[in-house]
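Peer 1:
Numbering (our numbering), first residue to last: -8 to 364.
Following this line, the structure appears as structure tokens:
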């Protein structure tokens, strides 16, 4: 039982250690929306809204999320007595379309707060079974195939269990082929197109079939299922859907249509943990492997990703890279680290499992707003 009596929003800015380029643009700095939720008992926890600065991944941005939380989401949550955080998803969906990332920022925070109040680690509270999770790395589009090879070889040397290679037209099949030839047949490689292609590129994309990839992720439009189904029939490489899967119903449609064989689950993209767990369970029933994607989260968002990835059907290494992969200094302690390609699930502390550096957050904050009933 809990009653959230206060939600504080904070925007912070964190510079990436190096620019990261995908088919839709380059990222040098992350504007990050953090939420601090307080229960009537005085207990509190932190969560993160993963919306970006521009609507190039989803229609949402940090600014639309801020507005949605303050105007529509917080009023539905604040002062309400909640038996279980799973109740919030249906409440936030009723007569309220979209804004999944904004909803997830609050909904996931409620799960973190409930775990804190229950005296349990978040991973166990949601049904996680793993004590550590396998870690993959995402490599942005590089200046040359040689530079991409260097990055891939370095990642394998560090112990990463899967390498995701961002691609776009002109930087795709032959570039990935060069990496495959350099690292050998056993390295787990995948390509991520971020919607850079159309169905007219099917014959070209079939060039990946000879490269032994784990998958090709979201090659066609961000909201498409039908054309992905047509493309999957023409490829032996499994298609993984990311942006297209925003709910359990969309995952069910994917299976019905045959639009893909793997799902990337990002809790922020699907409205929070309740939806993410439902998609995980459905995929497990249908023997569809899933993995946990990343959105350049801070260590707070990473805590929720690691907890989610501890569920049993997350059988493919996720984008849960260590803090030092992206940030010179994170905002949690201890920072997230990796040993032999695995990240430990924090089971010794209740709640999200890491301490939040509130002084550092205060120093990085560029705007804040506190909401009450």
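Note that the Cβ used here is the ideal one computed from N, Cα and C, for glycine as well. What you are looking at is a predicted structure, and each value in this text was computed from that prediction instead of being measured.
#1: Give every residue of the same chain whose Cβ lies closer than 7 Å to the Cβ of residue 22, excluding the five residues on either side of it in the sequence, and list them in chain order.
#2: Rank 214, 169 and 155 by C-alpha distance to the C-alpha of residue 180 and give the top, closest one.
#3: Identify the residues that DSSP records as bridge partners of residue 256: which are they?
#4: On the three-pair Cβ rule with 8 Å, is the region 333 to 353 touching the region 106 to 121?
#5: Taking all protein chains shown into account, decide if residue 357 is buried (16 or more other Cβ within 10 angstroms of its Cβ) or exposed.
#6: Looking at C-alpha atoms only, which residue of 108, 136 and 153 is the closest neighbour of residue 166?
#7: Taking the alpha-carbon positions, what's the residue 141 to residue 162 distance?
#8: On the three-pair Cβ rule with 8 Å, is the region 87 to 107 touching the region 120 to 132?
#9: May I have the straight-line CA-CA distance separating residue 138 from residue 148, to the nearest angstrom?
#10: Measure the CB-CB distance between residue 171 and residue 202 and report whether it falls below 8 Å.
#11: Can you give me the start and stop residues for the beta strand (DSSP E) that residue 264 sits inside?
#12: How many angstroms separate the CA atom of residue 59 from the CA atom of residue 90?
#13: Between the Cα of residue 321 and those of -7, 8 and -5, spot the shortest distance and give me the residue it belongs to.
#14: Find the nearest neighbour of residue 282 within the set 307, 168 and 215, judged by alpha-carbon distance.
#15: Quick check: the Cα distance between residue 108 and residue 304, rounded to an integer number of angstroms?
#16: Cβ atoms of residue 332 and residue 150: under 8 Å apart, would you say?
#17: Would you mind stating whether residue 207 and residue 178 have Cβ atoms separated by less than 8 Å?
#18: Please report how far the alpha carbon of residue 229 lies from the alpha carbon of residue 328, in whole angstroms.
#19: I think residue 367 touches residue 64, with their Cβ atoms under 8 Å apart; what is that distance to the nearest whole Å?
#20: Which whole-angstrom value describes the C-beta separation of residue 379 and residue 185, a residue pair presumed to lie in contact below a C-beta threshold of 8 Å?
#21: What does a CB cutoff of less than 7 Å around residue 301 pick up in its chain, not counting 5 residues either side in sequence?
#22: Which partner residues does residue 388 have in the DSSP bridge list?
#23: What residue from 38, 46, 24 and -2 has the CA that sits closest to residue 16's CA?
#24: Give the DSSP-derived three-state secondary structure of residue 355 in the structure shown.
#25: Could you tell me which residues DSSP puts in a beta bridge with residue 162?
#26: Just how far apart, CA to CA, sit residue 323 and residue 273?
#27: Taking only three categories from DSSP, how would you classify residue 77?
#28: Would you report the Cα separation of residue 249 and residue 220, rounded to the nearest angstrom?
#29: Would you say residue 211 and residue 226 are within 8 Å of each other, going by their C-beta atoms?
#30: Are the Cβ atoms of residue 126 and residue 259 separated by less than 8 Å?
#31: Please state if the CB of residue 27 and the CB of residue -1 are separated by a distance shorter than 8 Å.
#32: On a CA-only basis, which of -3, -4, 10 and -7 is nearest residue 287? Give me that one, please.
#33: Go to residue 37, then tell me how far its beta strand (DSSP E) extends in each direction, as first and last residue.
#34: Where DSSP assigns a beta bridge to residue 360, which residues make up the other side?
#35: Classify residue 183 as helix, strand or coil using the three-state DSSP reduction.
#36: If you count every other CB in all the chains shown that lies within 10 Å of the CB of residue 62, and 16 or more means buried, which is it?
Peer 2: Quick look at the numbers:
#1: These residues qualify, in order along the chain: 2, 4, 44 and 53.
#2: The shortest Cα separation from residue 180 among 214, 169 and 155 belongs to 155.
#3: DSSP lists 283 as the bridge partner or partners of residue 256.
#4: Enough Cβ pairs lie closer than 8 Å, so yes.
#5: Under a 10 Å Cβ-count criterion, residue 357 is classified as exposed, with fewer than 16 other Cβ atoms of the shown protein chains found around its own Cβ.
#6: The residue among 108, 136 and 153 with its C-alpha nearest the C-alpha of residue 166 is 136.
#7: Here the alpha carbons of residue 162 and residue 141 stand approximately 16 Å from one another.
#8: In short, these stretches do not touch, since the Cβ pair count stays below three.
#9: Linking residue 138 to residue 148 through their CA atoms gives a straight-line distance of about 15 Å.
#10: For residue 171 and residue 202, yes; Cβs fall inside 8 Å.
#11: First-last for residue 264: 264 to 276, but that is the alpha helix (DSSP H), not the beta strand (DSSP E).
#12: Using only the alpha carbons, I get a separation of about 7 Å.
#13: The residue with the shortest Cα to Cα distance from residue 321 is 8.
#14: Ranking the options by Cα distance to residue 282, first place goes to 307.
#15: Distance between the alpha carbons of residue 108 and residue 304 is about 27 Å.
#16: Result yes, Cβ atoms of residue 150 and residue 332 sit closer than 8 Å.
#17: No, these two residues do not count as a Cβ contact at 8 Å.
#18: For residue 229 and residue 328, the distance between alpha carbons rounds to 30 Å.
#19: Absent from the model: residue 367. The displayed extent of the chain is -8 to 364, so no value can be given.
#20: The structure shown has nothing for residue 379, since the chain only spans -8 to 364.
#21: Same-chain partners within the cutoff: 114, 119, 120, 121, 124 and 336.
#22: In the structure displayed, the chain extends from -8 to 364; residue 388 sits before or after that span and is not available.
#23: Taking only the C-alpha atoms, the option nearest residue 16 is 46.
#24: Three-state result, residue 355: helix.
#25: Per DSSP, 159.
#26: Straight through space, the alpha carbons of residue 273 and residue 323 are spaced by roughly 33 Å.
#27: If DSSP states are grouped into helix, strand and coil, residue 77 belongs with coil.
#28: Straight-line Cα distance between these residues: approximately 5 Å.
#29: Contact: no.
#30: Going by beta carbons, residue 126 and residue 259 fall outside the 8 Å limit.
#31: Their beta carbons are under 8 Å apart, which means residue -1 touches residue 27 by this criterion.
#32: It is 10.
#33: Counting along the chain, the beta strand (DSSP E) containing residue 37 begins and ends at 35 to 40.
#34: Answer is 0.
#35: Strand.
#36: With fewer than 16 other CB atoms across the displayed protein chains lying within 10 angstroms of its CB, residue 62 is exposed.
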